[in-house]
Amino acid sequence: MTIPREVVELDDATLIESSLNEPEVFAVLFDRHAPQLHRYVTRRLGSSEAEDVVADTFLAAFQRRGHYDRGRPDARPWLYGIASNLIGKRRRAETNLYRAYIRSGVHPAEIPGGQVENGINTLAVNRPLAQALLRLTRADRDVLLLVAWAELSYQEVADALSIPLGTVASRLNRARLQIRQTLEQEGHAE
Amino acid sequence: MTMDTLKTMWESIPPATPEDLAGARRRLLDGMHARRRVVTVPRLLVAAGVAAAVAVTPLFVGTGTSAYAVSRSPDGTLTVTLSGLRDPEGLEAELGKAGVKADVTFLEPGMRCVAPRFVGVDESYGGPPVDGPDELREQVRTVRSFKAIRASSGTFQIYPEYIKPHETLVLEFSDGENAQVLWRLGSWLAKAGSPVKPCTPVAMGN
Numbered sequence: 126m127t128i129p130r131e132v133v134e135l136d137d138a139t140l141i142e143s144s145l146n147e148p149e150v151f152a153v154l155f156d157r158h159a160p161q162l163h164r165y166v167t168r169r170l171g172s173s174e175a176e177d178v179v180a181d182t183f184l185a186a187f188q189r190r191g192h193y194d195r196g197r198p199d200a201r202p203w204l205y206g207i208a209s210n211l212i213g214k215r216r217r218a219e220t221n222l223y224r225a226y227i228r229s230g231v232h233p234a235e236i237p238g239g240q241v242e243n244g245i246n247t248l249a250v251n252r253p254l255a256q257a258l259l260r261l262t263r264a265d266r267d268v269l270l271l272v273a274w275a276e277l278s279y280q281e282v283a284d285a286l287s288i289p290l291g292t293v294a295s296r297l298n299r300a301r302l303q304i305r306q307t308l309e310q311e312g313h314a315e
Numbered sequence: 006m007t008m009d010t011l012k013t014m015w016e017s018i019p020p021a022t023p024e025d026l027a028g029a030r031r032r033l034l035d036g037m038h039a040r041r042r043v044v045t046v047p048r049l050l051v052a053a054g055v056a057a058a059v060a061v062t063p064l065f066v067g068t069g070t071s072a073y074a075v076s077r078s079p080d081g082t083l084t085v086t087l088s089g090l091r092d093p094e095g096l097e098a099e100l101g102k103a104g105v106k107a108d109v110t111f112l113e114p115g116m117r118c119v120a121p122r123f124v125g126v127d128e129s130y131g132g133p134p135v136d137g138p139d140e141l142r143e144q145v146r147t148v149r150s151f152k153a154i155r156a157s158s159g160t161f162q163i164y165p166e167y168i169k170p171h172e173t174l175v176l177e178f179s180d181g182e183n184a185q186v187l188w189r190l191g192s193w194l195a196k197a198g199s200p201v202k203p204c205t206p207v208a209m210g211n
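Sequence lines, in order, name chains A and B.
At position 93 of the first sequence (counting the first as 1) the number is 218 in this note's numbering, and the numbers step up by one without a gap.
At position 22 of the second sequence (counting the first as 1) the number is 27 in this note's numbering, and the numbers step up by one without a gap.
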C-alpha cells in the first residue's frame, strides 16, 4: 500500500481511532514513527534485530489499538513501551552488542568513516559507556535509554513503562550515578 | 553531563530508510489483513494541485480484490466495490440504475483530469487553494461533496441524501501504481445543469 506523501497531519490518537474502521490508516502511524523507532532499537540491539522488533511492535500495537488511550495525542510512549518489552526479551542480543563493541570499537550499524576526526576520542568515551550500560539492570537501562536515545520526557517514560513518575526519577538517578562512576574510573567524567 | 555524553553515543546511526523498513511494513500490512479477506480502504485526504482551478481531492486508496458491484442498503446508502479499472460506462450505468447520476473516469497511474471539467457545487472543486491541513479537514467535515461519498472496508459508500436532483457525482479514479494500491479516487459534485466535459488526462502535479 502506498500512503500519499501529502496525507493530512492528524495526531496519532485520531489516526489510531480511524484505524478501528479503516485498518490501513494504521500504516500512516508506521510511516511516522518507524524510522526513529528503528534507529532506537538499532542502537540497542543492532540492525539485524531492529527490523523484527519494529515489525513486532507495530503488529502488537495494531492488535491492541482498540485499547489505546485517546487522550494521548502522541503515540510514541505507547510504541516505545511495547518495543521496550520486546527488547527485554532479547537481552542477550543487547549485551552481546555492547560486549562486541567493547572488544572491537565498532557498532555494526554506525556509518563507517562518519567520525574519523574524533574517532579515537569517541571510542574512548563510548567504550566505558558501553561497559556501564552492560552493568545496569534492564529496568534502569530502559528508563535511561528512553530518555537519552528516544528523547522521551520523564512523564512519557512513565507512560511507556506503566510505572510511577517517581520510579522513573529514581531509576534514572541510579543509572546516571552508575554511568558517572564508570566514566570517572576511566577518567572521562566532567 | 552524563546524559549529554550518552546522547552522543552512536548518534551517527541514522533513522531507518523506507528500504530498511520495507520488510517490517510488509509484515504489518500482512498482519492487518490476516483476519479479513477483503482489504479495507483508508480514507486519506490530500490537497491536490496549486494555483487556479484547484480541486481539493479526498483521496481514497483502494486495495479491494473483488469485481465492481453496487448494492443498496435499507437506509439508501450505496456501497460500491471495485477492483480493476475497467468499464467506466458500466459503473455509471450501475450507479444510474441505483438513482445516482455519475460521471466515471478511469485513468492511468499518476494521471488526473485537467480541471475544470464542470462547475462544482462547492469550493471542493475549482475553489481557492486550501490553506493547510486544518482547513482541508474542516472542508472534509462540512462540504457536501465530501459528505456524499466516503470509503471504508474495501468499498466506498455513496450517500444519496447529500446529492441534490440533477447534480452529477463526478468520480476520477486513477489506477494504482502497484499491486497494493488498486486505485485512487477523487470525487466531487457537479452543479445541476453543468455538463461534465470529457477528461483530458494530465500527469499529477502538472
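Here a beta-carbon is modelled for each residue, glycine too, at the ideal position from N, C-alpha and C.
> In this structure, what does DSSP give as the bridge partners for Cys118 (chain B)?
Replying inline: One-based indexing of the second sequence puts residue 118 (chain B) at position 113. Looking at the DSSP output, Cys118 (chain B) sits in a beta bridge with B:Pro206.
> Among the residues of its own chain, which have a CB less than 8 angstroms from the CB of Pro2 (chain B), if the five just before and after it don't count?
Replying inline: Only positions 6 to 211 of chain B appear in this structure, which leaves residue 2 (chain B) out of reach.
> Glu176 (chain A) versus chain B: which residues are under 8 angstroms apart at the beta carbon?
Replying inline: Translated into the one-based positions of the first sequence, residue 176 (chain A) becomes position 51. By Cβ distance, chain B contributes Asp25, Leu26, Gly28, Ala29.
> Is Leu135 (chain A) helix, strand or coil by DSSP?
Replying inline: Here residue 135 (chain A) corresponds to residue number 10 of the first sequence, with the count starting at 1. If DSSP states are grouped into helix, strand and coil, Leu135 (chain A) belongs with coil.
> Mind checking if Gln161 (chain A) is an interface residue toward chain B, Cβ cutoff 9 angstroms exclusive?
Replying inline: Taking the first sequence and counting its residues from 1, the one referred to as residue 161 (chain A) is at position 36. Using beta-carbon distances, Gln161 (chain A) counts as an interface residue toward chain B, with a partner under 9 angstroms.
> What three-state label does DSSP hand Asp180 (chain B) in the structure shown?
Replying inline: Position 175 of the second sequence, counting from 1, holds the residue named residue 180 (chain B). Under the three-state reduction of DSSP, Asp180 (chain B) is assigned to strand.
> In whole angstroms, what separates the C-alpha of Ser129 (chain B) from that of Ala294 (chain A)?
Replying inline: Start at 1 with the first residue of the second sequence, and residue 129 (chain B) comes out as number 124. Start at 1 with the first residue of the first sequence, and residue 294 (chain A) comes out as number 169. Cα-Cα distance, rounded: 51 angstroms.
> So what's Val75 (chain B) in DSSP terms, helix, strand or just coil?
Replying inline: Taking the second sequence and counting its residues from 1, one reaches residue 75 (chain B) at position 70. In the structure shown, Val75 (chain B) sits in a strand (DSSP, three-state: E or B).
>> Counting only Cβ pairs nearer than 9 angstroms, list the residues of chain A close to Trp193 (chain B).
In response: Locating residue 193 (chain B) in the second sequence gives position 188, where the first residue counts as 1. Under the 9 angstroms cutoff, chain A gives no residues; its nearest Cβ is about 18 angstroms from Trp193 (chain B).
> Which whole-angstrom value is the C-beta distance of Lys196 (chain B) and Gly125 (chain B), which I expect to be below 8 angstroms?
Replying inline: Here residue 196 (chain B) is taken as the residue at index 191 of the second sequence, counted from 1. Here residue 125 (chain B) is taken as the residue at index 120 of the second sequence, counted from 1. With a Cβ gap of about 7 angstroms, Lys196 (chain B) and Gly125 (chain B) count as contacting.
> With 16 other CB atoms within 10 Å as the buried threshold, where does Arg48 (chain B) fall?
Replying inline: For this step, residue 48 (chain B) is matched to residue 43 along the second sequence. Legend: pLDDT at Arg48 (chain B) = 32, less than 50; position of this residue unreliable, value from coordinates given subsequently. A residue is called buried when at least 16 other Cβ atoms come within 10 angstroms of its Cβ; Arg48 (chain B) meets this threshold and is buried.
> With distances taken between CB atoms, is the gap from Val179 (chain A) to Ala27 (chain B) smaller than 9 angstroms?
Replying inline: Position 54 of the first sequence, counting from 1, holds the residue named residue 179 (chain A). Position 22 of the second sequence, counting from 1, holds the residue named residue 27 (chain B). By the CB criterion at 9 angstroms, Val179 (chain A) and Ala27 (chain B) fall outside the cutoff.
> For a contact meaning CB atoms closer than 7 angstroms, what does Arg32 (chain B) contact in chain A?
Replying inline: Against the second sequence, residue 32 (chain B) aligns to sequence position 27. The answer, in chain order, is Ala180, Leu184.
> So, is the C-beta of Trp203 (chain A) closer than 9 angstroms to a C-beta in chain B?
Replying inline: Position 78 of the first sequence holds residue 203 (chain A). No, Trp203 (chain A) lies away from the interface with chain B (no Cβ there is under 9 angstroms from its Cβ).
> DSSP beta-bridge partners for Gly125 (chain B)?
Replying inline: As a first step, residue 125 (chain B) must be located in the second sequence, where it is residue number 120. Note: Gly125 (chain B) sits in a beta bridge opposite B:Ala195.
>> For Val268 (chain A), report the span of its alpha helix (DSSP H) as first-last.
In response: Translated into the one-based positions of the first sequence, residue 268 (chain A) becomes position 143. 263 to 273 is the span of the alpha helix (DSSP H), which, as asked, contains Val268 (chain A).
> Using 8 angstroms as the threshold, is the stretch 200 to 207 of chain A in touch with the stretch 290 to 307 of chain A, meaning 3 or more CB pairs across them?
Replying inline: Fewer than three Cβ pairs drawn from the stretch 200 to 207 of chain A and the stretch 290 to 307 of chain A lie within less than 8 angstroms of each other, which leaves the two stretches out of contact.
> Thinking C-beta only, is Ala257 (chain A) closer than 9 angstroms to Asp167 (chain A)?
Replying inline: Reading the first sequence from its first residue, position 42 is the one you call residue 167 (chain A). Reading the first sequence from its first residue, position 132 is the one you call residue 257 (chain A). For clarity, residue 167 (chain A) is Thr in the given sequence; the question names Asp instead. No, Cβ-Cβ distance for Thr167 (chain A) and Ala257 (chain A) is not below 9 angstroms.
> If we count the other Cβ atoms within 10 Å of its Cβ and call it buried at 16 or more, is Met14 (chain B) buried or exposed?
Replying inline: Residue mapping note: residue 14 (chain B) aligns to position 9 of the second sequence, counting from 1. Burial of Met14 (chain B) is indicated by the presence of at least 16 other C-beta atoms within 10 angstroms of its C-beta.
>> I need the straight-line Cα distance from Gly95 (chain B) to Ala74 (chain B), nearest angstrom please.
In response: Numbered from 1 along the second sequence, position 90 holds the residue referred to as residue 95 (chain B). Numbered from 1 along the second sequence, position 69 holds the residue referred to as residue 74 (chain B). Cα to Cα, the separation comes out at about 10 angstroms.
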